[in-house]
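**Q** One structure, pasted below without further comment.
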Amino acid sequence: MISPTTPPLPEFQSRQTATISPVPLDSSHPEIRGVHAHLLKALEHLRAARLSPTKFILEILASDSSDAQLHHLRNQFFREDHGNVPNLLDALWSDAKGRTQVQAWMVSQEVAVELVEQQISEEFENVKPTLYMKSSQISIPYIENWDVCGIIDSAPTPTFTRILRAAIDEDGKYHHQPNKQALERNKIVTVPFFFTTTQTGGCWTNGRESVDFARRSRPLILGTFSWANGTSNQVMDLLNRAGLTTSADTVANTVINLGNRSITEAIDLLMWFPHALGYDNFHLTMSTFVEQKPGAPQKVQTGTFPLVYRLFNANFHDMKIKPIQERLKHSNGLNLTDTMPTIDQATSYYHQFLVHIIRVLPKYVAGFAVLYPDNHPLLQHHPRRALPHDHKTDFSTLRMCLIEEATVIGNIHQLTLARTRSAQRHRRMEKNSWERREIFQLGIGLFHLCMNFIWVLLHSHRGAAIQPGSLSFFFSILEKKRLGSDKPDYHTLLVALQQIVDGLLLYAWKCECGLLSLSEFAHRNPSSDTLLTMAKAILHKYRPLSPSILTEKSRNRTDGDIIQQNTCKLIRDLLYMQELVRAISDGDFGRIEDLFPDLARMFRGAGSNNYCIEILHFLHSVKRVWSPAFA
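Each residue of the sequence shown is one higher than the one before, starting from 1 at the first, in UniProt numbering.
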């Protein structure tokens, strides 16, 4: 708008610039009064000059420096602090007809495409320094804490993300979604596309930029992840060509650097913190078509995989070996009382069994899931000696030892703890504690304990498919006949046993409540005390009878319900299994130790003498050898 205080220029006659005071085109200037009245006067002048308002503005914008006054007005119009151009565009965009014409002009002149292209190019250039990383900079903490969502957070590309969202939003479901929510939704989709675009784009420019892109941190971590999951070199080369990962050679160098870093961290952990050593065997199967020649890799490679763990809440003073050896020299063997659960332990796992019995209701009945969510006090186990809920054990991996743990050369046959104890006895005349291997205070591997325990249960309750109440009978119903082998897959067997005990407990609940269905029972909204009382009744009703209670006839199987007795024994043993698995998952070692006396008897009764003896060794160490602080 031209200020009304400016003299009219009907013929665009030039005037002396010294006699004119420049007036901003902002309508809020104090000299502008009565905008509507002045606007009408200005229109009269324009009509007298045979000029339309549009023509008037275009003539001013097209003026050059030859006309000082018009050129001055042009400069005033484009001043950013006056906001004339944004205000004019806002006015056009707010009108439906104006918006349509502006959009058509932007498309026809390719202004929108050019602007977006420039904006995306600037976004990608800005994130280059953020994504740059050398393979030698990949560390163990970086791998542990790496999160794909952090890619977009550390290198935001809002314009590109919005375009990609529009491209994949087929039904327009997220068209009106806020940008922040849309960004969170599209992180996973944006990341691989971002890698492909940037890295292939780098290859199109010059070699240096291509090398820079190849050293980005995200392709390195994706390449390492692919290698760790057994991706073949051909696939890794394909991913490298697509710009998603680095080359296989770079990934191999990264793995070597990670191994060196892990050893360095393990040394620091050994020097400054009390620790424990864990190990397991590994088997690496190569391709069937490996060429047989001198120096070629074996088809099957075996070895030992060691790890060092930092002990929680431990100090070096309690880890001294000399007091432990003194206590060992003066210790006596275990008596029968030491191998029996204390009243405190029996009370503890009695309550844990009740929790397991109640848990099946909200797990399978929708009504109980609403009444008793996972955080309900009734469903909580009593902690005995649990780790903090948010605790994560620090550990460092050592290098693979290509000598298998079941061999004598180099490993003294440490496949079992019994073999390790034999080696300690064999070296008892050596000169120091290290040579005598006394520094190794042995503990039970909980995973192998659980795995062998469910195999023991399978051996004890296998039966035949035609015998109701046997595991083979339930496997036949569940169509899991492959579990009939001597040592089936651990995870498959564990899931099947959990399904069986859950089904038996659900049936016990249905019989106990006396209703047609458990859903009807849930509609009655039973209280916590009611459920706890009924759980106690189920546990007492379906527990095996003591041998002293059984009559001579029932022991000779001439009377009594054998199927019911076997089912009661199965429920009891599977409750032990559930508590052992749950206690390991919760990190409550006190609850695990509460089960050890009964587990030792169960292993011995099933013929698994080795694990029975190992549990007794552990109980002897806790009660006789180790100091209370160490134990």
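Glycine included, each C-beta is placed from N, C-alpha and C at the ideal position.
Assess, as a yes-or-no matter, whether the segment 611 to 628 is touched by the segment 460 to 469 under the definition of 3 or more beta carbon pairs within less than 8 Å.
**A** Cβ pair count under 8 Å is below three, so no.
**Q** Can you tell me whether G333 is buried or exposed? The criterion is at least 16 other CB atoms within 10 Å of its CB, across all chains shown.
**A** So G333 counts as exposed.
**Q** Decide if E520 is buried, meaning its Cβ has at least 16 other Cβ atoms within 10 Å, or exposed.
**A** Exposed: under 16 other Cβ atoms inside 10 Å.
**Q** Could you work out which residue in I120, K97 and I140 is closest to R162 when comparing CA atoms only?
**A** Checked all of I120, K97 and I140; the closest Cα to R162 is I120.
**Q** In the DSSP assignment, find the unbroken beta strand (DSSP E) run with L488 in it and report its ends.
**A** The sequence as given places Pro at residue 488; Leu does not occur at that position. Taken as a continuous stretch (DSSP letters only), P488 belongs to no beta strand (DSSP E), as it is neither H nor E.
**Q** Assign Y372 to one of two classes, buried (16 or more other C-beta atoms within 10 Å of its C-beta) or exposed (fewer than that).
**A** Looking at its Cβ environment, which holds 16 or more other Cβ atoms inside 10 Å, Y372 is buried.
**Q** Taking only the alpha-carbon atoms, compute the straight-line gap between Y132 and P141 and give it to the nearest angstrom.
**A** Each residue's Cα considered, the two are about 18 Å apart.
**Q** Should A629 be labelled buried (16 or more other beta-carbon atoms within 10 Å of its own) or exposed?
**A** Exposed is the call here.
**Q** Kindly indicate which three-state DSSP category S226 falls into: helix, strand or coil?
**A** Three-state DSSP puts S226 in a helix.
**Q** CB L505 to CB H330, shorter than 9 Å?
**A** The answer is no: Cβ separation not under 9 Å.
**Q** Ignoring anything shorter than 4 residues, give me the alpha helix (DSSP H) runs that lie fully in the segment 306 to 368, in order along the chain.
**A** List check, alpha helix (DSSP H) in window: 321 to 329 and 343 to 364.
**Q** Which one of L378, K487 and F618 has the shortest CA to CA distance from P597?
**A** Looking at the Cα atoms, F618 is the closest of the given residues.
**Q** State the start and end residues of the unbroken beta strand (DSSP E) segment that holds residue 657.
**A** The displayed coordinates of the chain run from 1 to 631. Any statement about residue 657 would go beyond what the structure contains.
**Q** Take every Cβ of the segment 270 to 288, pair it with every Cβ of the segment 297 to 313, and state whether three or more of those distances are shorter than 8 Å.
**A** At 8 Å Cβ cutoff, the stretches touch.
**Q** If you drop the 5 nearest sequence neighbours on each side, which residues of the same chain put their C-beta closer than 6 Å to that of L328?
**A** If we look at L328 and ignore the five residues flanking it on each side, its Cβ neighbours are V625.
**Q** Based on DSSP bridge pairs, tell me the residues matched to A242.
**A** Bridge partners of A242: none, in fact.
**Q** In this structure, does DSSP put Q441 in helix, strand or coil?
**A** Q441 falls in the coil class under three-state DSSP.
**Q** Please report the residue range of the beta strand (DSSP E) in which S396 lies.
**A** Element bounds for S396: F395 to T397.
**Q** Could you tell me the distance, in whole angstroms, from the CA atom of T492 to the CA atom of R572?
**A** Rounded to whole angstroms, T492 to R572 spans 21 Å at the Cα level.
**Q** Could you check the C-alpha separation between residue 632 and T246 for me, to the nearest Å?
**A** The requested residue 632 is not part of the displayed model; the chain covers only 1 to 631.
**Q** Identify which residue in I466, H391, Y349 and T420 has its Cα closest to the Cα of L539.
**A** With distances taken between Cα atoms, L539 lies closest to Y349.
**Q** Does the separation of the CB atoms of T339 and A600 fall below 9 Å?
**A** Their beta carbons are under 9 Å apart, which means T339 touches A600 by this criterion.
**Q** Whole angstroms is fine: what's the gap from A366's alpha carbon to Q352's?
**A** When rounded, the distance between both Cα atoms is 23 Å.
**Q** Spatial neighbours of P53 within its chain, please: CB distance less than 8 Å, with the 5 preceding and 5 following residues excluded, ordered by chain position.
**A** For P53, where only same-chain residues beyond five positions count, the Cβ hits under 8 Å are L43 and L46.
**Q** With DSSP collapsed to three states, give me the class of Y542.
**A** Correct three-state label for Y542: coil.
**Q** Apart from the five residues on each side of it in sequence, which residues of its chain come closer than 8 Å, Cβ to Cβ, to S517?
**A** Cβ neighbours of S517 beyond the five flanking positions: K510.
**Q** So, at 8 Å on beta carbons, what are the nonlocal neighbours of L616 in its own chain, with the 5 sequence-adjacent residues on each side left out?
**A** Counting only Cβ-Cβ distances below 8 Å, and skipping sequence neighbours, we find L334, T339 and A600.
**Q** Residues bridged to G303 by DSSP?
**A** G303 is bridged to F282.
**Q** Measuring straight from C-alpha to C-alpha, what distance separates N240 and L531?
**A** Distance between the alpha carbons of N240 and L531: 59 Å.
**Q** With a 10 Å radius around its C-beta and 16 neighbouring C-beta atoms as the bar for buried, classify L483 as buried or exposed.
**A** L483 comes out buried.
**Q** Count the C-beta pairs between the segment 373 to 386 and the segment 585 to 592 that are closer than 8 Å, then say yes if the count reaches three, no if not.
**A** Yes: the two stretches touch, three or more of their Cβ pairs being nearer than 8 Å.
**Q** If you reduce the DSSP assignment to three classes, tell me which class D249 lands in.
**A** The answer is helix: DSSP assigns D249 an H, G or I state.
**Q** With a threshold of 7 Å on Cβ separation, who are the neighbours of V102 within its own chain once the five nearest residues in sequence on each side are excluded?
**A** Cβ neighbours of V102 beyond the five flanking positions: L92 and W93.
**Q** Quick check on the burial criterion: 16 or more other C-beta atoms within 10 angstroms. Buried or exposed for I477?
**A** Flag for I477 reads exposed.
**Q** Could you give the DSSP three-state label for A629: helix, strand or coil?
**A** DSSP places A629 in coil when its eight states are reduced to three.
**Q** Report the option in I143, F273, L238 and P526 whose CA atom is closest to the CA atom of V370.
**A** Per the Cα distances, P526.
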